[in-house]
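Numbering (the UniProt record's numbering), first residue to last: 4 to 462. Glycine is no exception: its CB is placed at the ideal position from the N, C-alpha and C atoms. Being a predicted model, the structure only gives us computed values, none of them experimental. Beneath this line is the structure, given in structure tokens, with notes to follow.
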Amino acid sequence: EPKKLWGGRFTGAVDPLMDAFNASIHFDRRMYAADCIGSIAYCKALAKNNIITEEERDQLIGGLEKVMAEWDNKTFELKAGDEDIHTANERRLGELVGSVAGKLHTGRSRNDQVATDMRIWLRDEASSILAHLKELISITVARADKEIDVLMPGYTHLQRAQPIRWSHFLLSHAWLWQADAQRLEQLIDRLNVLPLGSGALAGHAFNIDRDFLAKELGFHSTINNSLYAVSDRDFVAEFLFWASLTMVHISRIAEDLIIYSSGEFGFVKLADAYSTGSSLMPQKKNPDSLELLRGKSGRVFGSMSGFMMSYKGIPSTYNKDLQEDKEPMFDAADTLSGSLQITAGVLSTMNIFPEKMRASLTADMLATDLAEYLVRKGVPFRETHHISGAAVKLAEDRQVSLHELSNDDFKSLHPSFDDDVSSVWSFETSIENRNTPGGTSKSSVTAQIQQLKSWLSAG
Ligand code: ARG
């Protein structure tokens with residue numbers, strides 16, 4: 004029977020099922036580096052306060068570096084009784100450096116330790132997710148830049164609405180992602196406060212220098228209340244909110260592109276690298292990458308709602324319910340990391356069919372421009388809306404396209420129509436008229452590209 008770290012007062016054996024039920028090592032081993040780094044800093048702080056000698060400190064640090072190296076090169080051997088990453092590392096440290104290992108945990112609890120490990124882990128992981136997100140934005144912006152002259156139908160209710168630039172559509176997603184990136188940066192900053200030095204719940208009995216610890220571990224400050232420090236997992240919740248919203252954004256562009264890649268639209272075609280075939284129908288090329296992205300948004304939201312349900316109602320400070328915080332955090336991080344890279348891959352390799360987009364533009368999409376033509380002649384907009392509507396109806400009744408009505412037809416609808424009404428029948432003009440900031444004109448879209456590029460290059 005291996006000795007339990009916390010076994011002093013226990014006499015009865017634990018049900019082996021309970022051992023397995025209690026263990027978190029199979030998932031929290033992912034935090035081995037954070038755990039070793041946290042312990043190394045903790046050794047330095049202990050020596051600084053003469054709780055251990057400098058020699059002991061160096062022995063401990065040497066041992067911890069070996070433990071970390073074993074994990075790194077996959078030679079760390081788990082043993083029965085390695086309940087979680089903290090106990091496993093301490094057990095191995097003891098084997099490597101002997102009884103001095105027993106001094107490492109002085110004043111520390113797994114409660115402040117695990118909270119610290121998780122913040123270190125998430126801080127680093129979130130930074131790499133942020134890099135993937137910025138790469139996705141950069142790919143989208145580059146594509147928008149290159150394909151700025153491509154025109155397409157813009158939709159509301161999935162019904163053709165007004166002509167827009169394809170780049171304007173692409174950038175509408177890039178802007179959502181920019182807001183996601185800013186929120187992620189802010190949450191990384193908020194979570195970067197140190198719980199270590201809070202003990203189990205009541206504080207540290209050996210006057211450890213928490214500011215020193217914070218500095219050593221790259222935290223900008225320490226958490227101000229020890230009870231709060233060991234019970235707070237708001238940073239996990241916030242990350243899961245963030246991940247859920249970002250995946251909702253991914254699911255929406257995925258849905259757009261699934262629709263655009265259907266035979267009926269034919270605006271885009273996914274690269275083979277991001278599609279799959281059918282086991283039965285030889286002609287099929289399915290946008291599985293996009294469907295998975297859309298589906299995984301549900302999975303991440305599930306992690307968030309599952310965690311929130313475990314988190315609610317937990318009494319103050321540490322309770323074992325909190326061990327349920329890690330798997331949703333890991334799973335959401337993995338899903339986001341994968342999804343952002345796949346989305347970037349899809350967007351950078353996809354083919355577009357500008358002729359097909361252009362061919363889907365129809366004259367009725369200029370009905371608003373027709374009303375605006377009359378506005379420019381001084382007719383109040385509410386009236387022009389009706390007049391243009393009457394023109395649409397007339398064309399429909401005659402089964403012709405709106406621009407096929409004659410100048411006399413228009414003049415019969417309102418005296419302000421002139422022979423220059425034919426100038427309305429240009430998709431380019433419609434688009435270029437929308438040249439305020441945020442519009443779809445070339446200059447407005449170019450400005451958006453510049454804004455996003457300078458945000459990206461600012462770091
Ligand atoms: N494996 C535990 C967790 O993830 C570490 C903290 C254990 N603390 C305790 N008092 N049992 O939450």
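- Set against 7 Å, the gap from the CB of residue 117 to the closest heavy atom of ligand 1 is smaller.
- Shown here for residue 210: same chain residues with a beta carbon closer than 8 Å to its own, the five before and five after excluded, namely 52 in chain order.
- Assignment of alpha helix (DSSP H) within the segment 351-391, counting only whole runs of 4 or more residues, yields 357-362, 370-379 in chain order.
- Proximity of the segment 169-185 to the segment 205-221 falls short of the contact definition, fewer than three beta-carbon pairs being nearer than 8 Å.
- Taking a contact as a CB-CB distance under 8 Å, the pair residue 353 and residue 274 counts as one, their CB atoms being some 6 Å apart.
- Straight across, the Cα-Cα distance linking residue 31 with residue 320 is about 20 Å.
- Note that the segment 369-376 touches the segment 417-433; at least 3 beta-carbon pairs, one per stretch, sit closer than 8 Å.
- Listed in chain order, the alpha helix (DSSP H) runs fully inside the segment 158-235 are 169-194, 213-219, 229-234, counting runs of at least 4 residues.
- A direct Cα-to-Cα measurement between residue 455 and residue 336 gives close to 25 Å.
- In this structure, residue 70 lies near residue 95, with their beta-carbon atoms less than 8 Å apart.
- Beta-bridge partners of residue 271 (DSSP): 355.
- Going by C-alpha positions, residue 161 is about 28 Å away from residue 425.
- Counting only the Cα atoms, residue 447 lies some 31 Å from residue 419.
- By the CB criterion at 8 Å, residue 190 and residue 226 fall outside the cutoff.
- For residue 257, the enclosing alpha helix (DSSP H) covers residues 237-263.
- Shown here for residue 422: same chain residues with a beta carbon closer than 8 Å to its own, the five before and five after excluded, namely 410 in chain order.
- In the DSSP assignment, residue 103 falls outside any alpha helix (DSSP H) and carries neither an H nor an E.
- With 16 or more other Cβ atoms inside 10 Å of its own Cβ, residue 250 counts as buried.
- The beta-bridge partner set that DSSP reports for residue 289 consists of 279.
- Distances from the CA of residue 59 to each of 317, 100, 204 were compared; the closest alpha carbon is that of 100.
- Per DSSP, residue 455 has no beta bridge partner at all.
- Residue state for residue 155 is assigned as strand, using DSSP reduced to three classes.
- Residue side-chain check: residue 89 places its Cβ nearer than 7 Å to a non-hydrogen atom of ligand 1.
- The straight-line gap separating the alpha-carbon atoms of residue 291 and residue 322 is approximately 41 Å.
- Each of 35, 312, 7 was checked against the Cα of residue 76, and the nearest Cα belongs to 35.
- Inter-residue distance for residue 385 and residue 394 is about 15 Å (C-alpha atoms, whole angstroms).
- Residue environment for residue 286: exposed (fewer than 16 other C-beta atoms within 10 angstroms of its C-beta).
- Below 8 Å, too few C-beta pairs join the segment 158-177 and the segment 373-385 to call them touching: fewer than three.
- The C-alpha of residue 340 is placed about 51 Å away from the C-alpha of residue 398.
- DSSP places residue 124 in the helix class (H, G or I) of the three-state scheme.
- C-alpha of residue 375 to C-alpha of residue 303: approximately 45 Å in a straight line.
- By the Cβ rule, the segment 262-273 does not count as touching the segment 234-252, because fewer than three pairs are nearer than 8 Å.
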